[in-house]
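I have placed the structure first, in the form of structure tokens, so that the comments after it can refer back to it.
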Amino acid sequence: MDDHPGGGEVLLSATGKDGTNDFEDIGHSEEAREMMEKYYIGEIDSKTHPTNHTYIPPHQTPYNPNAKASQLIIKILQFLLPLLILGLALTLRRYTKKDSRHCCFHLLL
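Note that the sequence shown covers residues 1 to 109 in UniProt numbering.
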């Protein structure tokens, strides 16, 4: 590979596939074609060559801007709901509690 005039990267990019088109697209000289005969291995049997599989990306849920708004509302409610319950409990305690002045006054009589 070190002796290849185009560098080893060119050969590596054709590894595992038929390099005929790559070789012809470059426009090699007659000298290069004669050198190729020395290194030529043979034809690829297309029946034994594995088929190319196309990449199918995993399914992703589509972007929904309303989903972020609903998540924000849920977070706000998680914060405010306990405060509302606490406020309601304190308000009920205040209005249902007996007046302490009347209790003491009754004890004195």
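A virtual CB, placed ideally from N, CA and C, is assigned to each residue, including glycine.
| task | Return the chain-ordered list of same chain residues with a C-beta closer than 6 Å to the C-beta of F105, the five sequence neighbours on each side being excluded. | result | For this step, residue 105 is matched to residue 105 along the sequence shown. With a pLDDT of only 49 at F105, under the threshold of 50, the placement of this residue in the model should not be trusted; the figure read from the coordinates follows. Closer than 6 Å at the Cβ level, and outside the excluded window around F105, lies no residue.
| message | Using a 10 Å radius around the Cβ and a threshold of 16 neighbouring Cβ atoms, would you call L109 buried or exposed? | response | Walking along the sequence shown from the start, residue 109 turns up at place 109. Because L109 carries a pLDDT of 47, less than 50, the predicted location of this residue cannot be relied on, and no value is offered for it.
| C-alpha distance - T20 paired with P57, whole-angstrom precision | Here the question's residue 20 lines up with position 20 in the sequence shown. Here the question's residue 57 lines up with position 57 in the sequence shown. Rounded to the nearest angstrom, the two C-alpha atoms are 31 Å apart.
| query | Is DSSP giving S13 helix, strand or coil here? | reply | Against the sequence shown, residue 13 aligns to sequence position 13. In the structure shown, S13 sits in a helix (DSSP, three-state: H, G or I).
| field | First through last residue of the alpha helix (DSSP H) which encompasses E34 | value | By one-based count along the sequence shown, residue 34 stands at place 34. Per DSSP, E34 belongs to the alpha helix (DSSP H) from E30 to Y39.
| request: Quick one: measure Cβ to Cβ for D22 and A14, integer angstroms, because I've assumed they're closer than 8 Å. | output: Locating residue 22 in the sequence shown gives position 22, counting from the first residue. Locating residue 14 in the sequence shown gives position 14, counting from the first residue. That pair is a contact at about 5 Å.
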